[in-house]
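A.B. asks: Please read through the structure below; I'll follow up with questions.
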Amino acid sequence: MTQTGKLQLGPNRWYGWQMLPGYLGEGYLPYFSPILIQRVNPQKTGKRILRLDFWNVFYLNGLKGFGMDIQILKHTEGYLVADLLYPGDTNDRCAIISHIEFGWLEQHCPTLWRRYPPETMSGLAQTCANEYLNAVYGVKEGEQGHRD
1313 MTQTGKLQLG PNRWYGWQML PGYLGEGYLP YFSPILIQRV NPQKTGKRIL
1363 RLDFWNVFYL NGLKGFGMDI QILKHTEGYL VADLLYPGDT NDRCAIISHI
1413 EFGWLEQHCP TLWRRYPPET MSGLAQTCAN EYLNAVYGVK EGEQGHRD
């Protein structure tokens, strides 16, 4: 969190990603995945646009790196809501990027939670969601991606 009291997105940190509409159903089911942000670049347009580069671990076809512009609509201490800006596309999707914690993972990623219970991890991975995800996905401190 920054001095402004708003969620700070930073490299080598995990966040919760909720996208609406998702990929399944009739488009109204949300999609949830932990994401590992690699880079955040404000676009200096005066329109609250950020360029995000991140790994999406639950993408439909498996782990995938994304680079996209987002326009912040709401920004609070624990989350931000943004329009996803696809070049030349009229896709009307938005995302909620949030602080990630064990409760979020347990609720939105039950298969991951059951496969890798935190109590089976070592050290900080038992008590810190960021370290837990680093351990599960083989990310070492300071790395800019996965070894999956």
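So the sequence shown is numbered by the numbering used here: it starts at 1313 and just counts up by one. By construction, the Cβ of each residue, glycine as well, lies at the ideal position given by its N, Cα and C atoms.
Assign tyrosine 1340 to one of two classes, buried (16 or more other C-beta atoms within 10 Å of its C-beta) or exposed (fewer than that).
C.D. replies: In the sequence shown, residue 1340 corresponds to position 28, counting from 1. Exposed.
A.B. asks: Report the residue from Val1451, Leu1364, Ile1347, Tyr1327 whose alpha carbon sits nearest the alpha carbon of tyrosine 1398.
C.D. replies: Position 86 of the sequence shown, counted from the first residue, corresponds to residue 1398. Among Val1451, Leu1364, Ile1347, Tyr1327, the Cα nearest to that of tyrosine 1398 is on Leu1364.
A.B. asks: What does the alpha-carbon distance come out to for the pair leucine 1461 and glycine 1322?
C.D. replies: Because the chain is modelled from 1313 through 1460, residue 1461 falls outside the range shown and cannot be assessed.
A.B. asks: If you draw a straight line from the alpha carbon of arginine 1459 to that of glycine 1377, how long is it in whole angstroms?
C.D. replies: For this step, residue 1459 is matched to residue 147 along the sequence shown. For this step, residue 1377 is matched to residue 65 along the sequence shown. Note that arginine 1459 scores 36 on pLDDT, short of 50, meaning its location in the model is unreliable and no value can be drawn from it.
A.B. asks: According to DSSP, simplified to helix, strand and coil, what is glutamine 1383?
C.D. replies: Taking the first residue of the sequence shown as position 1, residue 1383 is located at position 71. Note: glutamine 1383 maps to strand in three-state DSSP.
A.B. asks: If I measure Cβ to Cβ from glycine 1328 and keep anything under 6 Å in the same chain, skipping five residues before and after, which residues do I get?
C.D. replies: If you number the sequence shown from 1, residue 1328 lands on position 16. Same-chain partners within the cutoff: Ser1410, Ile1412, Trp1416.
A.B. asks: Counting pairs of Cβ atoms below 8 Å between the region 1348–1365 and the region 1379–1399, do you hit three or more?
C.D. replies: Yes, since at least three Cβ pairs between the region 1348–1365 and the region 1379–1399 fall closer than 8 Å, the two stretches touch.
A.B. asks: Looking only at its own chain, which residues have a Cβ that is under 6 Å from the Cβ of alanine 1437, when we skip the five neighbours before and after it?
C.D. replies: Here residue 1437 corresponds to residue number 125 of the sequence shown, with the count starting at 1. Once the five neighbours on either side are set aside, the close Cβ partners of alanine 1437 are Glu1443, Tyr1444, Ala1447.
A.B. asks: Should phenylalanine 1344 and glutamine 1355 be called a contact, given that it needs their Cβ atoms to be closer than 8 Å?
C.D. replies: Counted from its first residue, the sequence shown places residue 1344 at position 32. Counted from its first residue, the sequence shown places residue 1355 at position 43. No; because the gap between Cβ atoms is not below 8 Å, this pair is not in contact.
A.B. asks: Only counting runs of 4 or more residues, tell me where the alpha helix (DSSP H) segments fall wholly within the region 1368–1443, in order along the chain.
C.D. replies: With a minimum length of 4 residues, the continuous alpha helix (DSSP H) runs that stay inside the region 1368–1443 are 1414–1420, 1422–1427.
A.B. asks: Once DSSP output is grouped into helix, strand and coil, what is the label at leucine 1445?
C.D. replies: As a first step, residue 1445 must be located in the sequence shown, where it is residue number 133. Helix at leucine 1445.
A.B. asks: Do alanine 1407 and tryptophan 1326 have their beta-carbon atoms positioned less than 8 Å apart in this structure?
C.D. replies: Numbered from its first residue, the sequence shown carries residue 1326 at position 14. Numbered from its first residue, the sequence shown carries residue 1407 at position 95. No, these two residues do not count as a Cβ contact at 8 Å.
A.B. asks: Taking the C-alpha atoms as reference points, what is the distance between glutamate 1431 and leucine 1424?
C.D. replies: In the sequence shown, the residue the question calls residue 1431 occupies position 119. In the sequence shown, the residue the question calls residue 1424 occupies position 112. Answer to the nearest angstrom: the Cα atoms are 13 Å apart.
A.B. asks: My understanding is that threonine 1388 touches leucine 1332, with C-beta atoms under 8 Å, so please give their C-beta distance in whole angstroms.
C.D. replies: Reading the sequence shown from its first residue, position 76 is the one you call residue 1388. Reading the sequence shown from its first residue, position 20 is the one you call residue 1332. Not confirmed; about 17 Å, so no contact.
A.B. asks: Indicate the three-state DSSP secondary structure (helix, strand or coil) for leucine 1336 in the structure shown.
C.D. replies: One-based indexing of the sequence shown puts residue 1336 at position 24. Leucine 1336 falls in the coil class under three-state DSSP.
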